Amino acid sequence: MANYQRVESGAEPGGVGRRYRVSSPVDLQPIGEFEAASREAVRGAVERARKAQRSWAGQSFAARAALMQRLIEVFVERQDEMIDCVVRETGKARAEALAMEVFAPCVTAAYYAKRAAEFLQPEQRTPAGLMRFAKKLTLIYKPLGVVGLITPWNAPVVLAVNPLAQALMAGNAVVHKPSEVTPFSAMLIEEFTRDAGFPEHLYQVLQGDGQTGADLIEAGVDKISFTGSVATGRKVGEACGRNLIPATLELGGKDAMIVCADADLDRAAEGAVRGACWNSGHYCCSTERVYVPEPVYEPFVQKVVAHASALRQSGEEPFDVGAVFWDRQMEIIESHMADAKARGAKVLVGGRRNPDLRGSYFEPTVLVDVNHEMQIMQRETFGPIVAIQKVRDEDEALRLSNDSEYGLGGNIWTTDVERGLRLAAQMETGGVCINDMTMTYGIPEAPFGGVKSSGIGQVNGAQGIRGYCHAHPIVVDRKTRGPLQGGYPYTEKGSAGMRRLMHLLFRTRLGRLFT
Ligand code: NAD
38 MANYQRVESG AEPGGVGRRY RVSSPVDLQP IGEFEAASRE AVRGAVERAR KAQRSWAGQS
98 FAARAALMQR LIEVFVERQD EMIDCVVRET GKARAEALAM EVFAPCVTAA YYAKRAAEFL
158 QPEQRTPAGL MRFAKKLTLI YKPLGVVGLI TPWNAPVVLA VNPLAQALMA GNAVVHKPSE
218 VTPFSAMLIE EFTRDAGFPE HLYQVLQGDG QTGADLIEAG VDKISFTGSV ATGRKVGEAC
278 GRNLIPATLE LGGKDAMIVC ADADLDRAAE GAVRGACWNS GHYCCSTERV YVPEPVYEPF
338 VQKVVAHASA LRQSGEEPFD VGAVFWDRQM EIIESHMADA KARGAKVLVG GRRNPDLRGS
398 YFEPTVLVDV NHEMQIMQRE TFGPIVAIQK VRDEDEALRL SNDSEYGLGG NIWTTDVERG
458 LRLAAQMETG GVCINDMTMT YGIPEAPFGG VKSSGIGQVN GAQGIRGYCH AHPIVVDRKT
518 RGPLQGGYPY TEKGSAGMRR LMHLLFRTRL GRLFT
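Using this note's numbering, the letters of the sequence shown correspond one by one to residues 38 to 552.
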């Protein structure tokens, strides 16, 4: 049975009456229904958000932070409800739901609550060159207005709360369209914000499908924060371009892992398995390709097999690797596996749906003898699969790592950090970890975002929260009275003065001090 199914047909795209039934991947049983917001409802939500935003923008950072702190408290108080909801909706392990969907949202909300005032306080900047003698510059960060937030299903809470905290702390209102695969956790976030005392309509959740997301972009929002696939990202980028609104596009990845010959192989093998299987392999910075030089290939593979074979997968806690959250993802995983096997890849562990479980589970898998002809090394698989390719040396590993349309993250394993840094600088990705993986999203000071097809724009940290603002320069002349310089009428004398000044500034040593 599909994770979500249309139960009412006949409604036009954007119209009323598009109802969906959602089933849990844990046991394929229905867990609820939702109706997609109509185009009218989307417009109404954006209008209400705009009204709420006006008074919110007038609140001090301290007042906004106090509400964010209250939201964190609700998350901590009601953590089991959120974990139950996410587990039912996604089938991920409880430990992952706790770490990713409760702990991480609290960390990110606390981070921006505490630092927004510092990141967004007005700045006085001294203009460069001669201009400093004539002008002063003040920069203020003004909220954009209403932010449209569109999120995926793989980490439904943290991928919503992280941009939400930034947008709200910057003084915006947010209208959120969560994934149709995971609607219930978003409803719970909205309930938590009500419980925390957030002003009405400051954060609204609109349930819906892709059409609802498309309608949100057209509904008069001032920015889109989008996280999702490359294919949808392209459509979102096009629509935002048409509407002339800014967007950050956080898209898919195909992260490579380079194991250097001097790596601690035990640590690297554990990292490969965790990097590939964490969250059932459903995260954008999941380790999808592993390149290992010949001299250490055999011992590395043995260690990976030992780690992967020890993983527990079951519908009953405690277990390590949960369900495949979405049945369509299962089809992609199975088709990549079939393609790899048909082209000569060998399965050492797993490699199939778990036959002992009723729900949608793919066994933790170790695959060797793979190459770049295979989809499993080229397309985003998003499953619990460690695919290992033997290479001559690190140079070949680097060349293959960069042979990808994606460029989100990557990781390098070596006991020589200088070597790791040299390789990292040559990886064509948004970020890199050395002797660890995925942490670039978890450290807000690290600008996060992909290159190539993995996205546009970087999020998080000071730069990220400023992305929810318009940096508004105010230039103040040092004189408040008297004639303007360089005004009408233009004269030969004035032009000759500018030529002499150019000579002085750009052709003399003294002059260059003022450029
Ligand atoms: P998706 O692109 O199918 O859907 C994402 C969201 O977009 C959903 O809410 C969906 O309803 C909405 N949507 C669909 N069509 C739309 C349209 N035309 N206009 C506007 N919105 C539309 O992605 P998914 O399958 O939910 O998520 C998995 C993908 O997300 C993977 O590729 C993964 O790598 C990526 N991802 C990226 C990051 C990152 O930070 N780079 C993080 C997590 C997930």
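Beta carbons are placed, not taken as given, at the ideal position from N, Cα and C, and that holds for glycine.
Treat the numbers as computed from the prediction; the structure is a model and nothing was measured.
Residue i: buried (16+ other C-beta within 10 angstroms of its C-beta) or exposed?
i: residue 90; result: buried
i: residue 480; result: exposed
i: residue 246; result: buried
i: residue 509; result: exposed
i: residue 409; result: exposed
i: residue 163; result: exposed
i: residue 540; result: exposed
i: residue 543; result: exposed
i: residue 170; result: exposed
i: residue 501; result: buried
i: residue 511; result: exposed
i: residue 155; result: exposed
i: residue 354; result: exposed
i: residue 427; result: buried
i: residue 432; result: exposed
i: residue 368; result: exposed
Would you mind stating whether residue i and residue j have Cβ atoms separated by less than 9 Å?
i: residue 72; j: residue 54; result: yes
i: residue 184; j: residue 260; result: yes
i: residue 273; j: residue 254; result: yes
i: residue 229; j: residue 104; result: no
i: residue 213; j: residue 85; result: no
i: residue 339; j: residue 373; result: no
i: residue 399; j: residue 346; result: no
i: residue 271; j: residue 437; result: no
i: residue 557; j: residue 402; result: What is shown of the chain runs 38 to 552, which leaves residue 557 out entirely.
i: residue 207; j: residue 181; result: yes
i: residue 119; j: residue 205; result: no
i: residue 75; j: residue 51; result: yes
i: residue 126; j: residue 219; result: yes
Is residue i a contact residue of the ligand NAD, with contact defined as CB to any heavy atom under 8 Å?
i: residue 188; result: yes
i: residue 191; result: yes
i: residue 314; result: no
i: residue 267; result: yes
i: residue 214; result: yes
i: residue 254; result: yes
i: residue 264; result: yes
i: residue 491; result: yes
i: residue 363; result: yes
i: residue 6; result: In the structure displayed, the chain extends from 38 to 552; residue 6 sits before or after that span and is not available.
i: residue 57; result: no
i: residue 470; result: no
i: residue 270; result: yes
i: residue 246; result: yes
i: residue 517; result: no
i: residue 123; result: no
i: residue 51; result: no
i: residue 128; result: no
i: residue 196; result: yes
i: residue 320; result: yes
i: residue 485; result: yes
i: residue 478; result: yes
i: residue 417; result: yes
i: residue 466; result: no
i: residue 251; result: yes
i: residue 288; result: yes
Assuming residue i contacts residue j under a Cβ cut-off of 8 Å, what Cβ separation, rounded to an integer in Å, is found between them?
i: residue 290; j: residue 321; result: 5 Å
i: residue 292; j: residue 451; result: Contact doesn't hold; Cβ gap of about 17 Å is too wide.
i: residue 285; j: residue 262; result: 5 Å
i: residue 203; j: residue 505; result: 6 Å
i: residue 146; j: residue 108; result: 6 Å
i: residue 359; j: residue 130; result: 5 Å
i: residue 243; j: residue 491; result: At roughly 27 Å, the Cβ-Cβ gap does not stay under 8 Å, so residue 243 and residue 491 are not in contact.
i: residue 448; j: residue 465; result: About 14 Å; that fails the 8 Å criterion.
i: residue 551; j: residue 174; result: Contact flag wrong, Cβ pair sits at about 17 Å.
i: residue 370; j: residue 446; result: The pair is not a contact, with the Cβ atoms about 20 Å apart (cut-off 8 Å).
i: residue 474; j: residue 312; result: 4 Å
i: residue 383; j: residue 357; result: Not really, about 23 Å apart at Cβ, beyond 8 Å.
i: residue 467; j: residue 487; result: 4 Å
i: residue 211; j: residue 201; result: 6 Å
Beta strand (DSSP E) segments (min. 3 residues) lying fully within the stretch 340 to 386: Within the stretch 340 to 386, the beta strand (DSSP E) runs of at least 3 residues that lie entirely inside it are, in chain order, 383 to 386.
In chain order, each alpha helix (DSSP H) run of at least 4 residues that lies wholly inside the stretch 194 to 277: The stretch 194 to 277 contains these whole alpha helix (DSSP H) runs: 195 to 206, 220 to 233, 247 to 254.
Enumerated in chain order, which unbroken segments of the beta strand (DSSP E) with a length of 3 residues or greater are wholly contained in the stretch 269 to 334? Uninterrupted beta strand (DSSP E) stretches at least 3 residues long and entirely within the stretch 269 to 334 occur at 284 to 287, 292 to 296, 324 to 330, given in chain order.
Would you list, in sequence order, the uninterrupted beta strand (DSSP E) runs of no fewer than 3 residues that lie entirely inside the stretch 416 to 457? For the stretch 416 to 457, whole beta strand (DSSP E) runs of length 3 or above, ordered along the chain, are 422 to 428, 447 to 450.
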